[in-house]
Amino acid sequence: MDFEWADYLWKLLPVFLVFLGVLSVVPIHVYLERKGAGYIQDRVGPNRVGLLGPDGLLEGLFGWRVTRQRILGGLIQPAADVIKLIGKEDFVPAKADKVLFTLAPMMALLPPLLSFVVVPVGADLNLGPIDESGHPVWLPLQVADLNIGILWVLSVASLSAYGLALGGWASNNKFSLLGGVRATAQMISYEIGMGLIVVCMAMHYQSLSLREMVGQQSHGVLQWGVFSQPLAFAIFVVCAFAENNRLPFDLPECEAELVGGFHTEYNSLKFGMFFQGEYIAMLAMGALIATLFLGGWHYPGYEALRAAAGDAFWANLGVTLLSLAAFGVKTVGFVLFQIWVRWTLPRFRYDQLMSIGWKGIVPLALLNVVVTVAMVLA
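Structure below.
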């Protein structure tokens, strides 16, 4: 029985590590967006809530004035935002569907988290020969290596649109309902293009497993999907913006037209779940783009370092941490690109959004399917 419990805990360890890593990155992501928006708009951004100096955390809690200068001001602004949301009243409109109104934020938060189940975020860690047979024990940095991994991500990620649609309908608010309808129409329009690109990548790599796709890109930088499938990469990036409801495709929560869109009636932690779901979805799309097109966690010189590490635990730990860092740089790079685009480009009109999806993305994706088939059969 003890062995069974140990086996279960060992299998749960990657789940804990991956989900804890994702949730811990979200506050950093929020801080980067707010500071990046300030830099792009030629303003300061968050600069008050810090650890040291006037109005710092130490002075607020204990009355300690460590310095008269603000040091790292705004660094703990995400923590202040969480405290503010917790302190707000959890208000439910009188004529809202209370059950669906409560479930909708959870349905928007869970799908992006579940997308990380099949994403290999780093190289397996060699723990050394610690089992009874003397063979090395490997800790995979992937929760589940499904042979249909890319289909899992595509199907699970699309479920978040149901959370937005249900939130808009259950609020009994016309602006929220319009936001939910827009989210559904936008998801249908751009999910087709994204699905066709997934078909292209599956044919190109001859596999649906994300781990296998990363492995096939390990033979050099020129083997990365961004070089072998450049049109697919461009289409997928555009679809990722639409799937995440980010500018210039944030029509479901367009403040100028719909007040707050699908989350107009939400506040407190329910709004926080919508907010967190959006940022986790951005990370999930960044991770998927890194896996499909940028070599995943592979970096130049990985094989040589792994061979030199042998069975030494600390050397293998360093190699694995380098792979985590490589994957993180690629993922965060796309996240920063999304932040830059949001605070730079104007929003499309709704008719322009639909026109780009059906008259631009879908035909180009179909063309890429034809080209990929020709390349595979050649």
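Taken in order, the sequence shown gives residues 4 to 381; the numbers are from this note's numbering.
Glycine is no exception: its CB is placed at the ideal position from the N, C-alpha and C atoms.
Annotation for Asn247: Glu281, Ala284, Met285, Met288 and Gln341 place their beta carbon closer than 8 Å to its own, counting only its chain and skipping 5 residues before and after. In this model, Tyr208 and Met109 are separated by some 34 Å (Cα to Cα). Of all C-beta pairs linking the segment 306-326 to the segment 340-357, fewer than three are shorter than 8 Å, placing the two stretches out of contact. With respect to Gly182, Gly171 sits close: the two C-beta atoms are nearer than 8 Å. The three-state secondary structure of Leu149, taken from DSSP, is coil. Closest in alpha carbon position to Pro115, among Phe278, Tyr269, Ala377 and Ile200, is Phe278. Closest in alpha carbon position to Leu162, among Leu250, Lys177, Gln220 and Glu194, is Glu194.
Counting only residues of its own chain and dropping the five nearest sequence neighbours on each side, Trp227 has a CB closer than 8 Å to the CB of Gln220, Phe296, Leu297 and Gly298. DSSP, read as helix, strand or coil, puts Leu142 in strand. Judged by DSSP in its simplified three-state form, Leu128 adopts strand. Taking Ala312 as the centre and dropping the five residues before and after it, the same chain places the C-beta of Ala318, Asn319 and Val322 closer than 6 Å to its C-beta, in chain order.
Given a length threshold of 4 residues, each whole run of the alpha helix (DSSP H) inside the segment 266-302 is given here in chain order: 271-296. Using a Cβ-Cβ distance cut-off of 8 Å, the segment 15-33 and the segment 119-130 are in contact, since at least three pairs of beta carbons, one from each stretch, lie closer than that value. Buried is the label assigned to Met197, since at least 16 other Cβ atoms lie within 10 Å of its Cβ. Here Lys101 has Val95 as same chain residues with Cβ atoms under 7 Å from its own Cβ, once five neighbours each way along the sequence are excluded. Sequence-distant Cβ neighbours of Met204 in its own chain, meaning closer than 6 Å and more than five residues away, are Leu295.
For His32, the secondary structure class from DSSP, reduced to helix, strand or coil, is helix. Just measuring C-alpha positions, the residue of Pro30, Leu142 and Leu113 sitting nearest Leu12 is Leu142. By alpha-carbon distance to Gly363, the top candidate from Leu234, Trp155 and Ile79 is Leu234. Taking 8 Å as the cut-off, the Cβ atoms of Arg185 and Pro255 count as close. Three or more beta-carbon pairs separated by less than 8 Å are not found between the segment 359-375 and the segment 262-270, which leaves the two stretches without contact. Following the DSSP letters along the chain, one finds Ala99 in no alpha helix (DSSP H), marked with neither H nor E. Selection Ala99, Leu370, Ile153 and Asp253 evaluated against Ala173 yields Ala99 as nearest (Cα-Cα). In this structure, DSSP gives Ile79 a state outside helix and strand, which the three-state scheme calls coil. Excluding residues up to 5 positions away in sequence, Pro96, Lys98 and Ala99 lie with their Cβ nearer than 7 Å to the Cβ of Asn175 in the same chain.
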